[in-house]
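K.L.:
Numbering (our numbering), first residue to last: 1 to 131.
1. Less than 8 Å between the CB atoms is what I'm expecting for residue 88 and residue 106, so what's the real figure, rounded?
2. On the DSSP letters alone, give me the boundaries of the alpha helix (DSSP H) that residue 110 sits inside.
3. Express the C-alpha separation of residue 53 and residue 45 in angstroms, rounding to a whole number.
4. Spatial neighbours of residue 21 within its chain, please: C-beta separation below 7 Å, excluding the five flanking residues on both sides.
5. Would residue 76 and residue 113 qualify as a contact pair, given that the criterion is a beta-carbon distance under 8 Å?
6. Among residues of its own chain, excluding the 5 on either side of residue 134, which ones have a beta-carbon nearer than 8 Å to its beta-carbon?
7. Compare the C-alpha of residue 37 against each of 130, 110, 127 and 131 and name the closest.
8. Helix, strand or coil, according to DSSP, for residue 30 in the structure here?
9. Rounded to whole angstroms, what's the CA-CA distance from residue 98 to residue 130? Just pull it up for me.
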């Protein structure tokens, strides 16, 4: 069983992904909701991303209710962090950045998500020891 704090941590993630889906659907390019907020984009791709993010909404909501889903949600988000890191160092990203445009804002957001993954993992392990 998830503790109350673990449930809220997963619900916070679900709420975050709802906001991210809305931002991508409407093209609201805000840092945190749009990792690559200042890069060129195609509106149809962001609509696709918004629908894909709905899977995270459902996954994290389910993880808040069912401990057996929690580890899957953590692993999936950890893989996302790895993917973002790969994008951050990719030539594909550097090809769309202006000369001298830093990638630090993307790394900060990637690290923030990684910290969230770590918090979820600690809470998950702690709950396992308490059950």
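No residue lacks a Cβ here, since even glycine has one placed at the ideal position from N, Cα and C. Every value quoted in this text rests on a predicted model; they were computed, and no experiment measured them.
P.N.:
The answer reads as follows:
1. Working through the chain shown from its first residue, we reach residue 88 at position 88. Working through the chain shown from its first residue, we reach residue 106 at position 106. Under the criterion of beta carbons closer than 8 Å, residue 88 and residue 106 qualify as touching, at roughly 5 Å.
2. For this step, residue 110 is matched to residue 110 along the chain shown. From DSSP, the alpha helix (DSSP H) with residue 110 extends over 104 to 130.
3. Indexing the chain shown from 1 puts residue 45 at position 45. Indexing the chain shown from 1 puts residue 53 at position 53. Straight-line spacing of the CA atoms in residue 45 and residue 53 works out to 12 Å.
4. If you number the chain shown from 1, residue 21 lands on position 21. Counting only Cβ-Cβ distances below 7 Å, and skipping sequence neighbours, we find 50, 53, 54 and 57.
5. In the chain shown, residue 76 corresponds to position 76, counting from 1. In the chain shown, residue 113 corresponds to position 113, counting from 1. No, they are not a contact pair.
6. Nothing in the structure corresponds to residue 134, since the chain is present only between 1 and 131.
7. Residue mapping note: residue 37 aligns to position 37 of the chain shown, counting from 1. Nearest in C-alpha terms to residue 37, of all of 130, 110, 127 and 131, is 110.
8. As a working mapping, residue 30 is identified with position 30 in the chain shown. Here residue 30 sits in coil by DSSP.
9. If you number the chain shown from 1, residue 98 lands on position 98. If you number the chain shown from 1, residue 130 lands on position 130. For the pair residue 98 and residue 130, the Cα-to-Cα distance works out to about 51 Å.
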